[in-house]
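Engineer:
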Amino acid sequence: MDTAPEAVERPARSRPTGGPARTAAFFDLDKTIIAKSSALAFSRPFYQGGLINRRAVLKSAYAQFVFLVGGADHDQMEKMREYLSALTRGWNVQQVREIVAETLHGLIDPLIYEEAASLIEQHHAAGRDVVIVSSSGVEVVEPIGALLGADHVIATRLMIEDGRYTGEIEYYAYAENKAAAIRELAALEGYNLAECYAYSDSVTDLPLLEAVGRPSAVNPDRSLRKEALARDWPVLVFNRPIELHRRLPEFRAPSRTVLAAVAIGTACVTAGVVWHLAKQRRPEL
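Numbering (the numbering used here) for the sequence shown: 1 to 285.
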């Protein structure tokens, strides 16, 4: 049932006018594009930067092991969310961004699935936008998006006061929130979701997959595999992590300046989507 869809476009490329509605490919990040949890991959650099202690590093390593072996169900995701939000309380935002920029290439580049990189290229070549939709923090996801040439990023945002994280979550990119965010982005960008693609490994992303007309399960957990087979969705196996500079000899990792600039640019659209969603939900509180 493996399929090889087509792809997206770079922000600098001119967009066709007067043609059919635009389309996009929405990618989950962890175990779909990269072979680990992006939120936990930076535990060692954060330790070296003095943000966490050795016990937290070991706990992150164990969580990574559990994540890789069995995936993460709703309860595990909630525990991870609570743990990470509490862990980051008081962290200096600028320091986190600098650590990510300094270590991104060495940490993330070797973890990118070759199959995912090929899909991203194919979608770009076909004129589709590539959008990464991840529960990990925006400070981690946006630079990874810049590394991969993604057009937009939707990610979890932590609350910030006086340049430090408060330990509270402003927006959690998870489950139905992901689906709501891509619908909002589709309205802004003019995507026809019935013709869009989506890829994820987790049953918690079922709302995301159901929101598009061309969903695929990638390295699915047991529950998502069952759903995919029942709905006749393609089931893709990505198992070849490869360094981008080896796959593409001309590839050069973006500089820290470029990563920061792209992160700020993608943050503008993401922030608008998140703000609008939060505003819509406010009367229900």
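Yeah, the Cβ is synthetic: ideal placement off N, Cα and C, and Gly gets one too. All values reported here derive from a predicted model rather than from experimental measurement.
Between which two residues does the alpha helix (DSSP H) holding residue 170 run?
Structural biologist: It is not in any alpha helix (DSSP H) - residue 170 instead sits in the beta strand (DSSP E) that spans 164-171.
Engineer: Does the stretch 103-120 come into contact with the stretch 179-192, if we say contact requires no fewer than three beta-carbon pairs (one atom in each stretch) closer than 8 Å?
Structural biologist: The stretch 103-120, when compared against the stretch 179-192, does not touch it at the 8 Å Cβ threshold.
Engineer: Would a C-beta distance cut-off of 9 Å place residue 45 and residue 99 closer than the cut-off?
Structural biologist: Closer than 9 Å, so yes.
Engineer: Determine the DSSP secondary structure at residue 158, reduced to helix, strand or coil.
Structural biologist: In the structure shown, residue 158 sits in a strand (DSSP, three-state: E or B).
Engineer: So what's residue 215 in DSSP terms, helix, strand or just coil?
Structural biologist: Three-state DSSP puts residue 215 in a strand.
Engineer: What does the Cβ neighbour count give for residue 224, buried or exposed, with the cut at 16 atoms within 10 Å?
Structural biologist: Looking at its Cβ environment, which holds 16 or more other Cβ atoms inside 10 Å, residue 224 is buried.
Engineer: Using the beta-carbon count (16 or more within 10 Å), is residue 33 buried or exposed?
Structural biologist: It counts as buried.
Engineer: Residues in the same chain with beta-carbon distance under 7 Å from residue 233, minus the five sequence neighbours each way, listed in chain order, please.
Structural biologist: Correct list, in chain order: 215, 216 and 217.
Engineer: Check for me: the beta strand (DSSP E) holding residue 313 runs from which residue to which?
Structural biologist: With the chain covering only 1 through 285, there is no way to say anything about residue 313.
Engineer: By alpha-carbon positions, which one of 136, 92 and 128 ends up nearest to residue 157?
Structural biologist: Ranking 136, 92 and 128 by Cα distance to residue 157 puts 136 first.
Engineer: Would a C-beta distance cut-off of 9 Å place residue 160 and residue 145 closer than the cut-off?
Structural biologist: No, the pair does not count as a contact, with Cβ atoms beyond the cut-off.
Engineer: Whole-angstrom Cβ separation of residue 198 and residue 212, contact assumed at under 8 Å?
Structural biologist: At roughly 4 Å, the Cβ-Cβ gap stays under 8 Å, so residue 198 and residue 212 are in contact.
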